[in-house]
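Heads up: the sequence shown begins at 274 in the numbering used here, then just goes up one per residue. Report on one structure; see the data block that follows.
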Amino acid sequence: MPRQKLTDKWLRNIPVPAKGQVDYFDVLVPGFGIRVSHGGASTFFVATRIKGSEGKVVRLSVGRFSPNKEVGDEHASGFTLAEARDRARVLLDNASRGIDPRRLRQDEIDENRRKAEITFGAVAADFMELYVERRLAKNTQKAYRTAFGKARKWNGLALASITRRDAIKLLDRLDAAGHEVAGDRAHAYLRKFFGWAVQRDYIQSSPMDGIRRDNHASSRDRVLSDAEVQWFWKAAGNMEWPFGPYLRMLLLTAQRRNEVAGMRWHELSLQGNDPGWLIPGHRTKNGRDQWVPLTGACIGILEAIPRVLNKNGKAEFVFTVTGNTPISGFSKAKQDVDEGMLALAQKADAEAIIPAWTLHDLRRSATTGMARLGFPIHVVEAVLNHKSGAISGVAAVYNRHDYAAEKRAALEGWANFISGLERSENDR
Numbered sequence: 274m275p276r277q278k279l280t281d282k283w284l285r286n287i288p289v290p291a292k293g294q295v296d297y298f299d300v301l302v303p304g305f306g307i308r309v310s311h312g313g314a315s316t317f318f319v320a321t322r323i324k325g326s327e328g329k330v331v332r333l334s335v336g337r338f339s340p341n342k343e344v345g346d347e348h349a350s351g352f353t354l355a356e357a358r359d360r361a362r363v364l365l366d367n368a369s370r371g372i373d374p375r376r377l378r379q380d381e382i383d384e385n386r387r388k389a390e391i392t393f394g395a396v397a398a399d400f401m402e403l404y405v406e407r408r409l410a411k412n413t414q415k416a417y418r419t420a421f422g423k424a425r426k427w428n429g430l431a432l433a434s435i436t437r438r439d440a441i442k443l444l445d446r447l448d449a450a451g452h453e454v455a456g457d458r459a460h461a462y463l464r465k466f467f468g469w470a471v472q473r474d475y476i477q478s479s480p481m482d483g484i485r486r487d488n489h490a491s492s493r494d495r496v497l498s499d500a501e502v503q504w505f506w507k508a509a510g511n512m513e514w515p516f517g518p519y520l521r522m523l524l525l526t527a528q529r530r531n532e533v534a535g536m537r538w539h540e541l542s543l544q545g546n547d548p549g550w551l552i553p554g555h556r557t558k559n560g561r562d563q564w565v566p567l568t569g570a571c572i573g574i575l576e577a578i579p580r581v582l583n584k585n586g587k588a589e590f591v592f593t594v595t596g597n598t599p600i601s602g603f604s605k606a607k608q609d610v611d612e613g614m615l616a617l618a619q620k621a622d623a624e625a626i627i628p629a630w631t632l633h634d635l636r637r638s639a640t641t642g643m644a645r646l647g648f649p650i651h652v653v654e655a656v657l658n659h660k661s662g663a664i665s666g667v668a669a670v671y672n673r674h675d676y677a678a679e680k681r682a683a684l685e686g687w688a689n690f691i692s693g694l695e696r697s698e699n700d701r
């Protein structure tokens, strides 16, 4: 077999045999060479003995020669002469110490195969079972499922293959769609997940490391969009009593969660020309009585509610299961309406997501809605039982006008707006 001082210039002009193949051994690195086939392919190799073996020479492929590749170019395939020599020296050194490079290569193949089998979806399922479902509340479990749902395109990917760039692209997509709060939550939950995966030795490092989020609008600024109000109204309407009617009443009246939940039948006046609900001061946040005009939509809901008797044989609470106490367990109702809203949203767009919101955001959404409809801020604040900044000083102390007529107009306008959203949905 010919021996040759291999150089870049010589390799670029290497003689191609008319048939078969020819091996050239390097004079600088014994055991290292290049094989040239009659088709023009040139492949670096190592021929050596493994210390401690029976003495048979083994041949190991280093890789194909790439004449146009520059040293250090990780994206180009093949090897430069310098890279091939470095690789050959490692293989020869291992062989001299009794380490079979073929065994190392098989171990590398096995490790790569193992990593490929450890997919994002499989590890996420382990994380949910071993950590989330054992340690966290139901609502938080649901939030994690939502976060993983946003990353469902990763499910079939090897966990180790997911990069920081992939994570940034996911968060950027959520931000671009106007879902900054959902992006913040996805960032937090995925960071926890990948950190757990590192601790469990699924991966060596987390792609979430170094990714920071700007301060986006907090949930205290959350107002449901018109589409979200539409989905909420329909989802609540699909829920059974008592929570379906309760949720709709929250949106229609713009009153606080516990005030609506504790509504009593004796507080209601459903007949006559001025139907309403008088919340006594001992049940309001500011200690003042609150008169809430009831719209036709509210009366329709209330008239359909069964009257549940308490232990004394009287119907006291409007929203009750036992008759003796008002409803509780709002988190389950919130989870149900969230799922209903998302299902409706994804009918039109399978990739749709709904940013996190709270029941108190219904009150804020109603407030914004009435203001958008043109009702003055002091009227809207009267609906909310707030002390208005629009009337101050002595006038505020002596003002006896509770804006009853104006509040009715605002709440009726809001109810009509919701009804319009419902009609537009039904017309589709």
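Built from N, CA and C at the ideal position, the CB exists for glycine as well.
DSSP state of residue i mapped onto helix, strand, coil
i: S491; result: Reliability of the predicted coordinates at S491 is poor, the pLDDT of 47 falling under 50, and the value obtained from them is presented with this limitation in mind. If DSSP states are grouped into helix, strand and coil, S491 belongs with coil.
i: T280; result: coil
i: S692; result: helix
i: L632; result: coil
i: V454; result: helix
i: G306; result: strand
i: R370; result: coil
i: A355; result: helix
i: R537; result: strand
i: S638; result: helix
i: L444; result: helix
i: S479; result: coil
i: I382; result: With a pLDDT of 49 at I382, under the threshold of 50, the modelled position of that residue is not reliable, and the figure given next carries that caveat. Three-state result, I382: helix.
i: S542; result: strand
i: A431; result: strand
Classification of residue i by the beta-carbon crowding that lies within 10 angstroms, buried from 16 upward
i: H311; result: exposed
i: P628; result: buried
i: I356; result: It is Glu, not Ile, that sits at residue 356 in the sequence shown. Classification of E356: buried, given that the 10 Å Cβ count is 16 or more.
i: A668; result: The predicted model places A668 with a pLDDT of 37, which falls under 50 and marks its position as unreliable, so this point remains unresolved.
i: N658; result: buried
i: T413; result: exposed
i: R485; result: exposed
i: T598; result: exposed
i: D611; result: buried
i: P290; result: exposed
i: H539; result: exposed
i: E406; result: exposed
i: K605; result: exposed
i: D634; result: buried
i: V363; result: exposed
i: P518; result: buried
i: L403; result: exposed
Where the beta strand (DSSP E) containing residue i begins and where it ends
i: Y297; result: Q294 to D299
i: V594; result: It is not in any beta strand (DSSP E) - V594 carries neither H nor E in the DSSP assignment.
i: W506; result: Counting along the chain, W506 falls outside any beta strand (DSSP E), though it belongs to the alpha helix (DSSP H) covering D499 to G510.
i: Q563; result: Q563 to P566
i: G336; result: V330 to R337
i: I484; result: Segment: none, I484 is in no beta strand (DSSP E) and carries neither H nor E.
i: T549; result: The sequence given here places Gly at residue 549; Thr does not occur at that position. Unbroken beta strand (DSSP E) run through G549: G549 to I552.
i: A395; result: Where A395 is concerned, there is no enclosing beta strand (DSSP E), although the alpha helix (DSSP H) it sits in stretches over F393 to F400.
i: A320; result: S315 to R322
Beta carbon proximity, residue i to chain B, threshold 7 angstroms
i: A588; result: Here there is only one protein chain, and chain B is not present.
Whole-angstrom distance between residue j and residue i, CA atom to CA atom
i: E679; j: G456; result: 40 angstroms
i: A688; j: S542; result: 19 angstroms
i: G429; j: G394; result: 6 angstroms
i: W506; j: E695; result: 8 angstroms
i: L575; j: R681; result: 17 angstroms
i: E453; j: A398; result: 26 angstroms
i: D547; j: T568; result: 9 angstroms
i: A527; j: T640; result: 7 angstroms
i: L617; j: W504; result: 6 angstroms
i: W564; j: A625; result: 39 angstroms
i: F592; j: A508; result: 18 angstroms
i: A449; j: A440; result: 14 angstroms
i: A577; j: Q544; result: 15 angstroms
i: A570; j: G693; result: 12 angstroms
Bounding residues of the alpha helix (DSSP H) (the contiguous stretch that carries residue i)
i: T526; result: F516 to T526
i: L657; result: I650 to L657
i: K605; result: F603 to A621
i: E624; result: Segment: none, E624 is in no alpha helix (DSSP H) and carries neither H nor E.
i: A424; result: Neither: A424 is in no alpha helix (DSSP H) and is coded neither H nor E.
Worksheet entry | the segment 428-446 touching the segment 465-479, judged by at least three CB pairs closer than 8 angstroms | yes
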